[in-house]
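Asker: Residue numbers (my numbering): 1149 to 1276.
Backbone N, C-alpha and C fix where the C-beta goes; we use that ideal spot for every residue, glycine too.
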């Protein structure tokens, strides 16, 4: 199938078609699980996503959207699927309170569900 596609598109090296397949599959999986959080940009996106330029790159440029982060302390991300938003936070060390502006949401009221980890775990998460 790869050889046939290379021949049909007059691509002299079938390895380019194979690499393009794996890049496309990786992007599909990233988009499936991280829509709105990981953003595909750069020259390859102009070629594959928008057909503005005709080229194949060796790499892809991805941007990860993080709402709030402190290295080794906490990270908060947001993900949207359709009309639903999922906001997740992870904290290292003791419990903490964070303020998170929700200006990216529309001003209409909507229900929210808050899920918490066990605040009194049986095992100390700081031991390895």
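Restricting to Cα atoms, I'd like to know which of 1159, 1263, 1218 and 1220 is closest to residue 1203.
Answerer: 1159
Asker: I think residue 1185 touches residue 1225, with their Cβ atoms under 8 Å apart; what is that distance to the nearest whole Å?
Answerer: 6 Å
Asker: Between residue 1327 and residue 1259, what straight-line distance do the alpha-carbon atoms span, to the nearest angstrom?
Answerer: Any question about residue 1327 goes unanswered here, given that the chain covers just 1149 to 1276.
Asker: Quick one: what does DSSP say residue 1247 is sitting in, helix, strand or coil?
Answerer: coil
Asker: Which residues in the same chain have their Cβ closer than 7 Å to the Cβ of residue 1162, if we skip the five residues on either side of it in sequence?
Answerer: 1150, 1151 and 1154
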